[in-house]
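> Encoded as structure tokens, here's the structure I'll be asking about.
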Amino acid sequence: MAKSRFEYVKKFEQDDRLLPATWIVIRLDGRGFHKFSNAHDFSKPNDERALALMNKCAERVMHDYPDIILAYGQSDEYSFVLKRTTTLFSRRASKLMTTVASCFAANYVYHWREFFREISLLYPPSFDGRVVVYPSVEILRDYLSWRQADCHINNLYNTCFWCLVKSGKTNDEAEKLLSGTLSGDKNELLFSQFKINYNDLPEMFRKGTIIIWQEVIETVTKTCKSSKEDDFPSERHVQRKRKVTTPLHTDIIGDEFWLEHSRILDN
Ligand code: DGT
Ligand code: MG
Ligand code: MG
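Here it is in structure tokens:
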């Protein structure tokens, strides 16, 4: 087909293909979710509906892009790890980032009512995205550990902060009381002042959510036509394997998870 004289403009496009044989991680983060969570009256410090909606969106993204081998989410963020050998969108950073971010945001709006029921979505949320490649399992695991440690640090702080505020302290007073405290001090404060054993709080709040693919065996019923014309069709039960996304709220900093699910990072 003849090319138009405008075709040359394509030469201005930059090649943003990511390094081969590296782990691609796409991290999304809610834009202005401080305001968004207040506007929609999220429970403090953790809103189960909001976290469950984030998890739902991440699962939908994984179903649309099965090359995602694992996702990790907490607060208003989600990280997606693609398999090392993926050739999705020829590994082009902008294509990967924008399709995953828009798929996630669209699902957030699409599934809002399932989680928030009568609470109206007041304005459309959006998510920023970034993409980073990691060259080894060790560094990829450190990346995920970093996000889970961040979840723990923020959650411990926020739990203390909101306990203090709900008990009558002003935001400034609560901030001052917590400034310079170590994690042991915060655990002690929760226990002595509020009778809360931090380790008894839901694991989703303390550890975030890891979503992996798992194989399940399901039984399906198949109807078989009889060879003889007058006979009734017969039913057969057939077992088949299917991959499903599975959310977990477990530690991914230590080795145990990776030993149990060693296939995730196999090539
Ligand atoms: P950004 O990401 O720079 O556009 O700004 P933000 O406002 O999204 O800030 P970020 O991402 O550092 O922090 C997440 C905010 O979202 C933080 O203010 C707390 C809020 N948030 C996330 N999950 C929950 C929740 O379950 N409950 C409540 N109350 N707030 C939440
Ligand atoms: Mg944010
Ligand atoms: Mg955030």
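Residue numbers for the sequence shown follow the numbering used here, beginning at 1 and rising by one.
Just so it is clear, CB atoms sit at the ideal spot from N, CA and C, and this is done for glycine as well.
Comparing the CB of Gly-208 with every heavy atom of ligand 2, is any distance shorter than 8 Å?
No - ligand 2 has no heavy atom lying nearer than 8 Å to the Cβ of Gly-208.
> Determine contact between the stretch 7-19 and the stretch 90-109, defined as no fewer than three beta-carbon pairs at a distance below 8 Å.
They touch, by the three-pair rule.
> So the candidates are Lys-35, Thr-99 and Val-131; which of them puts its Cα closest to the Cα of Asp-18?
Here residue 18 turns out to be Leu, not Asp, going by the sequence shown. Ranking Lys-35, Thr-99 and Val-131 by Cα distance to Leu-18 puts Val-131 first.
> Residues around ligand 2, please: the condition is that the C-beta lies closer than 5 Å to some non-hydrogen atom of it.
Every residue passing the under-5 Å Cβ criterion appears here: Asp-29, Gly-30, Phe-33 and Asp-76.
> Go to Tyr-143, then tell me how far its alpha helix (DSSP H) extends in each direction, as first and last residue.
Tyr-143 -> alpha helix (DSSP H) spans 137-166.
> Are there any heavy atoms of ligand 1 lying less than 8 Å away from the beta-carbon of Phe-36, as far as the coordinates show?
Indeed, a heavy atom of ligand 1 lies less than 8 Å from the Cβ.
> Would DSSP call Tyr-269 helix, strand or coil?
No statement about residue 269 is possible, as the shown extent of the chain runs from 1 to 267 and does not include it.
> What's the gap between the Cα of Cys-160 and the Cα of Asp-172?
Whole-angstrom Cα-Cα distance: 13 Å.
> Looking at the strands, I want to know which residues DSSP matches up with Glu-77.
Its beta-bridge partners are Asp-29 and Gln-74.
> Just the Cα atoms here: how many angstroms apart are Tyr-198 and Cys-103?
Their backbone Cα atoms lie some 35 Å apart in a straight line.
> Just to confirm, does Asp-47 get its C-beta within under 8 Å of one of the non-hydrogen atoms of ligand 1?
Yes.
> For my contact list, Val-220 and Val-244 are in at a C-beta cut-off of 8 Å; report their separation, rounded to the angstrom.
At roughly 15 Å, the Cβ-Cβ gap does not stay under 8 Å, so Val-220 and Val-244 are not in contact.
> Run through DSSP, which three-state label would Ser-183 get?
Helix, per DSSP.
> From the DSSP output, in three-state form, read off Ser-234 for me.
Residue state, collapsed to three classes: strand.
> Could you check how far apart the C-beta atoms of Val-81 and Val-25 are, in whole angstroms? I think they sit under 8 Å.
Yes, they are in contact, since the Cβ atoms of Val-81 and Val-25 sit about 5 Å apart, within 8 Å.
> Gln-214 and Thr-246 look like a contact to me (Cβ under 8 Å); what is the Cβ gap, rounded to whole Å?
About 5 Å separates the two Cβ atoms, so the contact holds.
> On the premise that Ile-264 lies in contact with Ile-217, defined as a C-beta separation below 8 Å, what is that separation, rounded to the nearest angstrom?
Ile-217 to Ile-264, Cβ: 19 Å. No contact.
> Among residues of its own chain, excluding the 5 on either side of Leu-88, which ones have a beta-carbon nearer than 6 Å to its beta-carbon?
Asp-67.
> If distances are taken between C-alpha atoms only, which option among Gln-148, Pro-45 and Ile-210 comes closest to Ala-71?
When each option's Cα is compared against that of Ala-71, the closest is Ile-210.
> Less than 8 Å between the CB of Lys-44 and some heavy atom of ligand 1, yes or no?
Lys-44 Cβ: within cutoff of ligand 1.
> Use the C-beta contact count for Met-1: other C-beta atoms within 10 angstroms, 16 or more gives buried, fewer gives exposed.
With fewer than 16 other Cβ atoms within 10 Å, it is exposed.
> What are the boundary residues of the beta strand (DSSP E) that includes Arg-206?
Per DSSP, Arg-206 belongs to no beta strand (DSSP E); it is in the alpha helix (DSSP H), 203-207.
> Is Asp-128 a contact residue of ligand 1, with contact defined as CB to any heavy atom under 8 Å?
Yes, Cβ of Asp-128 sits closer than 8 Å to a heavy atom of ligand 1.
> May I have the straight-line CA-CA distance separating Leu-144 from Arg-117, to the nearest angstrom?
C-alpha separation (whole angstroms): 32 Å.
> What did DSSP end up calling Arg-117 once you bin it into helix, strand or coil?
Coil.
> Exposed or buried, which one is Pro-20 when buried takes at least 16 other CB atoms within 10 Å?
With fewer than 16 Cβ atoms within 10 Å of its Cβ, Pro-20 is classed as exposed.
> Which residue spans inside the stretch 2-64 form an unbroken alpha helix (DSSP H) run of at least 4?
Within the stretch 2-64, the complete alpha helix (DSSP H) runs of at least 4 residues are 33-39 and 48-64.
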